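All remarks here apply to the structure that follows.
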């Protein structure tokens with residue numbers, strides 16, 4: 005009898021280990037992106053440096069991603085900003101975090117940063133806190149969401165990105181920045197009324 009219980013218990017416990025290590029992220033809506041971010045900026049990736057940190061069970065690879073800040077939208081990132089992210093490649097060994105954005109030197113991004121240095125991926129909603137800036141055919145700067153969809157409307161965030169992106173033209177970088185700045189002001193005014 006004990007053997008049969010062991011055959012049932014061990015597979016269940018084994019599968020729970022996989023469930024506990026999985027990450028599920030509910031895509032944040034625009035208001036949540038803006039309110040949770042401690043720093044929001046437009047920046048260009050200037051450097052990537054991966055290294056091992058920690059000891060024993062906490063031994064892991066992290067990558068420091070350095071940005072030249074083109075414009076601060078919320079908070080004060082300074083003129084350069086370094087973000088520590090779990091994952092990277094050191095001496096041929098690679099560690100990846102599912103759905104985490106991968107950065108390349110020269111890329112331009114709008115980033116919504118929270119808990120840099122203490123959170124494994126310090127972006128609001130992991131991939132949802134990073135928007136890649138790309139030029140469209142007309143030379144206009146537009147944005148791609150963390151899921152790779154053109155950002156057509158801030159209201160598509162936290163919803164069906166693909167469906168909305170197919171029905172509208174891409175939002176310009178300047179329109180996105182204006183929407184963020186407006187929401188930052190609205191949230192600050194709402195907090196001031198509460199105090």
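In the numbering used here, the protein residues as written are 5 to 199.
C-beta atoms are modelled at their ideal positions from N, C-alpha and C, and glycine is treated no differently.
It should be emphasised that the depicted structure is a prediction, and the values quoted were computed from it without experimental measurement.
TODO: Mind the definition here: the region 148 to 166 touches the region 188 to 197 only if three or more C-beta pairs lie below 8 Å; say whether that holds.
DONE: Look at the beta carbons and you see the region 148 to 166 not touching the region 188 to 197: under three pairs across the two are nearer than 8 Å.
Task: Boundaries (first-last residue) of the alpha helix (DSSP H) holding residue 37 - done: Taking the first residue of the chain shown as position 1, residue 37 is located at position 33. Counting along the chain, the alpha helix (DSSP H) containing residue 37 begins and ends at 34 to 40.
Open item on the list: Does the structure place the region 99 to 108 close enough to the region 74 to 83 that three or more beta carbon pairs sit under 8 Å?
Closed with: No contact exists between the region 74 to 83 and the region 99 to 108.
Open item on the list: Can you tell me whether residue 144 is helix, strand or coil according to DSSP?
Closed with: Counted from its first residue, the chain shown places residue 144 at position 140. Of the three classes helix, strand and coil, the one that applies to residue 144 here is coil, per DSSP.
Task: DSSP bridge partner residues for residue 154 (one or two, in chain order) - done: If you number the chain shown from 1, residue 154 lands on position 150. Looking at the DSSP output, residue 154 bridges to 148.
Task: Local conformation of residue 175 per DSSP, three classes - done: Indexing the chain shown from 1 puts residue 175 at position 171. In the three-state reduction of the DSSP assignment, residue 175 falls in the coil class, being assigned neither a helical nor a strand state.
Task: C-beta contact flag for residue 150 and residue 176 at 9 Å - done: On the chain shown, position 146 is the one that residue 150 refers to. On the chain shown, position 172 is the one that residue 176 refers to. Cβ atoms of residue 150 and residue 176: not closer than 9 Å.
Task: residue 132 classed as buried or exposed, judged by whether at least 16 other C-beta atoms fall within 10 angstroms - done: Locating residue 132 in the chain shown gives position 128, counting from the first residue. By the C-beta density criterion, residue 132 is buried, having at least 16 other C-beta atoms within 10 angstroms.
Task: Span of the beta strand (DSSP E), counted from its first residue to its last, around residue 93 - done: Here residue 93 refers to the residue found at position 89 when the chain shown is read from its first residue. That run of the beta strand (DSSP E) goes 92 to 94.
TODO: Go to residue 46, then tell me how far its beta strand (DSSP E) extends in each direction, as first and last residue.
DONE: For the purposes of this step, residue 46 is identified with residue 42 of the chain shown, where counting begins at 1. Per DSSP, residue 46 belongs to the beta strand (DSSP E) from 43 to 57.
Task: Buried versus exposed, by CB contacts within 10 Å (16 or more), residue 194 - done: As a working mapping, residue 194 is identified with position 190 in the chain shown. That one is exposed.
- [ ] Use the C-beta contact count for residue 46: other C-beta atoms within 10 angstroms, 16 or more gives buried, fewer gives exposed.
- [x] As a position in the chain shown, residue 46 is number 42, starting the count at 1. Flag for residue 46 reads buried.
Task: residue 35 to residue 160 span [Cα, whole Å] - done: The residue given as residue 35 occupies position 31 in the chain shown. The residue given as residue 160 occupies position 156 in the chain shown. Spanning the two alpha carbons is a distance of roughly 12 Å.
Open item on the list: If contacts are defined as beta-carbon pairs under 8 Å, then residue 54 and residue 67 qualify, I think. What distance do you get, rounded to the angstrom?
Closed with: Position 50 of the chain shown, counted from the start, is the residue given in the question as residue 54. Position 63 of the chain shown, counted from the start, is the residue given in the question as residue 67. Contact between residue 54 and residue 67 holds, since their C-beta atoms are separated by about 4 Å, short of 8 Å.
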